[in-house]
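K.L.:
Residue 140 in the numbering used here is what sits at position 54 of the sequence shown, and the numbering runs on without skipping anything. Below are the structure tokens for one structure; questions will follow.
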Amino acid sequence: MPDILIGTFQISNQKEMNLIIKTAIEAGVCGFDTAPSYGTESFLGNSISSAIKEGLTKREDIFIQDKIDAKQMYWCKKKGIKSFVLNQIEKLHATYLDALLIHWPFSQYINETWNEMVLMQEKGYVKTIGVCNLDKRGFESMFKKNGLNNVDIVQNEISPLNTDQYNTDFFRSKNFIIQAYSPFCRMNKMITDDVGLKQIASKVCSDIGQVILKWHIQNGIHPIFMSKKPERIKNNLKLDFELSKQQMDYINNMNQDYKIFPISHGCPGY
Ligand SMILES: NC(=O)c1ccc[n+]([C@@H]2O[C@H](COP(=O)([O-])OP(=O)(O)OC[C@H]3O[C@@H](n4cnc5c(N)ncnc54)[C@H](OP(=O)(O)O)[C@@H]3O)[C@@H](O)[C@H]2O)c1
87 MPDILIGTFQ
97 ISNQKEMNLI
107 IKTAIEAGVC
117 GFDTAPSYGT
127 ESFLGNSISS
137 AIKEGLTKRE
147 DIFIQDKIDA
157 KQMYWCKKKG
167 IKSFVLNQIE
177 KLHATYLDAL
187 LIHWPFSQYI
197 NETWNEMVLM
207 QEKGYVKTIG
217 VCNLDKRGFE
227 SMFKKNGLNN
237 VDIVQNEISP
247 LNTDQYNTDF
257 FRSKNFIIQA
267 YSPFCRMNKM
277 ITDDVGLKQI
287 ASKVCSDIGQ
297 VILKWHIQNG
307 IHPIFMSKKP
317 ERIKNNLKLD
327 FELSKQQMDY
337 INNMNQDYKI
347 FPISHGCPGY
């Protein structure tokens, strides 16, 4: 699992994707996150293929992560998910996925979907499997209670404004790989205006984006960030510095339980 992944939500055309993927690979990032609902799988597959053809990388060095959306969970009972996943793999011009995650864990469809994902993993179509938007309560009521095992990855919204300490500590204790989506909280004003963050950046690097990515990594979390600006991608990835304990504590204490995607009872993370 690469330290950092690039997200592809909101990338709207092939040209934009080519630029982002080429920039990321040249800057040393080889992990990419997509989902059926982003509509970016084909763009991502084409861009990775181009990068491989240009000799910038090899398939085995790339980490491709895709998801199962609510729609596929709903259809899973009737049709299964195998043909859908094979189609995703084809769209990505791959022969396997490095990771396949449930996007939103709707409890009424979780058993069938997860059991099929385990089968896809056993058959080698996907290397690792996981869930997004999962909290401890959701894990216990859906996975533990139903005897669903094999969780490799949990992907949650984690940022300085939502450190999600309680759930993160729990998943860490289970040795799950923890990924943070929206790791900058989309550069909310509470982050960009924060004087302490700016001070840290002025001491150890050049920009708060770098500070936040480093904070995630030093916390043992894999951030998935997005930028459409090549210069930002390159600069965000200049991470040859360390944050001190005091600097880590400062960011850990910025928590306000502020989320872009709120929680509901129907689906623990939604
Ligand atoms: N599993 C889920 O439910 C879920 C939900 C949401 C997202 N995700 C994944 O997480 C990925 C990233 O999430 P996200 O896009 O919501 O949030 P994000 O990465 O926290 O924020 C992206 C925003 O930050 C800006 N940005 C990046 N670097 C910056 C910098 N150094 N200075 C100032 N602004 C900067 C970008 O603007 P510019 O483009 O202008 O640079 C963009 O508007 C998505 O692409 C997707 O793959 C998953």
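Cβ coordinates follow ideal geometry from the N, Cα and C atoms, glycine included.
Once you ignore the five residues that flank Lys284 on each side, which residues in its own chain have a CB closer than 7 Å to its CB?
P.N.:
Indexing the sequence shown from 1 puts residue 284 at position 198. Taken in chain order, the residues that qualify are Ile294.
K.L.:
Three-state secondary structure (DSSP) at Ser245?
P.N.:
Indexing the sequence shown from 1 puts residue 245 at position 159. Strand at Ser245.
K.L.:
If you draw a straight line from the alpha carbon of Leu234 to that of Leu186, how long is it in whole angstroms?
P.N.:
Locating residue 234 in the sequence shown gives position 148, where the first residue counts as 1. Locating residue 186 in the sequence shown gives position 100, where the first residue counts as 1. Between Leu234 and Leu186, the C-alpha separation is close to 16 Å.
K.L.:
Run the proximity test for Cys116: is its beta-carbon closer than 7 Å to any non-hydrogen atom belonging to ligand 1?
P.N.:
Here residue 116 corresponds to residue number 30 of the sequence shown, with the count starting at 1. Incorrect: Cys116 has no Cβ contact closer than 7 Å to ligand 1.
K.L.:
Could you check if Asp326 is buried or exposed, using at least 16 other CB atoms within 10 Å of its CB as the buried criterion?
P.N.:
Taking the sequence shown and counting its residues from 1, the one referred to as residue 326 is at position 240. Exposed: under 16 other Cβ atoms inside 10 Å.
K.L.:
How long is the line joining the alpha carbons of Val217 and Gln96, rounded to whole angstroms?
P.N.:
Locating residue 217 in the sequence shown gives position 131, counting from the first residue. Locating residue 96 in the sequence shown gives position 10, counting from the first residue. Those two C-alpha atoms are separated by around 21 Å.
K.L.:
Just curious, the alpha helix (DSSP H) that Lys275 is in, first and last residue?
P.N.:
By 1-based counting over the sequence shown, the position of residue 275 is 189. Looking at the DSSP string, the run of the alpha helix (DSSP H) that includes Lys275 is 275-278.
K.L.:
Can you find the residues in the same chain that come closer than 7 Å, C-beta to C-beta, to Ile138, ignoring five residues on each side of it along the sequence?
P.N.:
What you label residue 138 is simply residue 52 of the sequence shown in a count that begins at 1. Within the same chain, Ile138 has close Cβ partners Lys144, Arg145.
K.L.:
Give a single yes or no on whether Phe270 has its beta carbon closer than 7 Å to a heavy atom of ligand 1.
P.N.:
For this step, residue 270 is matched to residue 184 along the sequence shown. Phe270 Cβ: within cutoff of ligand 1.
K.L.:
Quick check on this structure: which residue in Ile90, Ser288, Ser128 has the alpha carbon closest to the alpha carbon of His116?
P.N.:
Reading the sequence shown from its first residue, position 30 is the one you call residue 116. The amino acid at residue 116 is misidentified as His; the sequence shows Cys. Of the listed residues, the one whose Cα sits closest to Cys116 is Ile90.
K.L.:
If distances are taken between C-alpha atoms only, which option among Val237, Ile286, Phe270 comes closest to Ile264?
P.N.:
Along the sequence shown, one-based indexing puts residue 264 at 178. Among Val237, Ile286, Phe270, the Cα nearest to that of Ile264 is on Val237.
K.L.:
Just the Cα atoms here: how many angstroms apart are Pro269 and Ile277?
P.N.:
Position 183 of the sequence shown, counted from the start, is the residue given in the question as residue 269. Position 191 of the sequence shown, counted from the start, is the residue given in the question as residue 277. Looking at the two C-alpha atoms, the distance is approximately 11 Å.
K.L.:
Using 8 Å as the threshold, is the C-beta distance between Ile134 and Ile154 below it?
P.N.:
As a first step, residue 134 is located in the sequence shown; it is residue number 48 there, counting from the start. As a first step, residue 154 is located in the sequence shown; it is residue number 68 there, counting from the start. No. Outside cutoff.
K.L.:
Is Ile310 near ligand 1 - that is, is its Cβ less than 7 Å away from at least one heavy atom of it?
P.N.:
Within the sequence shown, the letter at position 224 stands for residue 310. Yes.
K.L.:
Look at the alpha carbon of Leu220 and the alpha carbon of Ser288, and state the distance between them as a whole number of angstroms.
P.N.:
Counting from one through the sequence shown, the residue named residue 220 turns up at place 134. Counting from one through the sequence shown, the residue named residue 288 turns up at place 202. The alpha-carbon atoms of Leu220 and Ser288 are separated by roughly 35 Å.
K.L.:
Identify every residue that forms a DSSP beta bridge with Ile134.
P.N.:
The residue labelled residue 134 in the question sits at position 48 within the sequence shown. In the DSSP output, where bridge partners are listed per residue, Ile134 has none listed.
K.L.:
Can the beta-carbon of Asn321 be found closer than 8 Å to that of Leu299?
P.N.:
In the sequence shown, residue 321 corresponds to position 235, counting from 1. In the sequence shown, residue 299 corresponds to position 213, counting from 1. Cβ atoms of Asn321 and Leu299: not closer than 8 Å.
K.L.:
Can you give the Cα-Cα distance for Pro316 and Phe170, rounded to whole angstroms?
P.N.:
In the sequence shown, the residue the question calls residue 316 occupies position 230. In the sequence shown, the residue the question calls residue 170 occupies position 84. Using only the alpha carbons, I get a separation of about 33 Å.
K.L.:
Less than 8 Å between the beta carbons of Tyr336 and Ile286, yes or no?
P.N.:
For this step, residue 336 is matched to residue 250 along the sequence shown. For this step, residue 286 is matched to residue 200 along the sequence shown. Taking 8 Å as the Cβ cut-off, Tyr336 and Ile286 qualify as a contacting pair.
K.L.:
Can you list, in chain order, the residues of its chain with a C-beta nearer than 6 Å to that of His189? Leave out the 5 residues immediately preceding and following it.
P.N.:
Residue 189 sits at position 103 when you count from the first residue of the sequence shown. Closer than 6 Å at Cβ, skipping near neighbours: Ala121, Lys153, Asp155, Cys218.
K.L.:
Report the residue ranges of all alpha helix (DSSP H) runs contained in full by the segment 176-239; include only those spanning at least 4 residues, in chain order.
P.N.:
Those alpha helix (DSSP H) runs which fall completely within the segment 176-239 and span 4+ residues are 196-208.
K.L.:
Considering Tyr124, what are the terminal residues of the beta strand (DSSP E) in which it resides?
P.N.:
In the sequence shown, counting from the first residue as 1, residue 124 sits at position 38. That residue, Tyr124, is in no beta strand (DSSP E); it is neither H nor E in DSSP.
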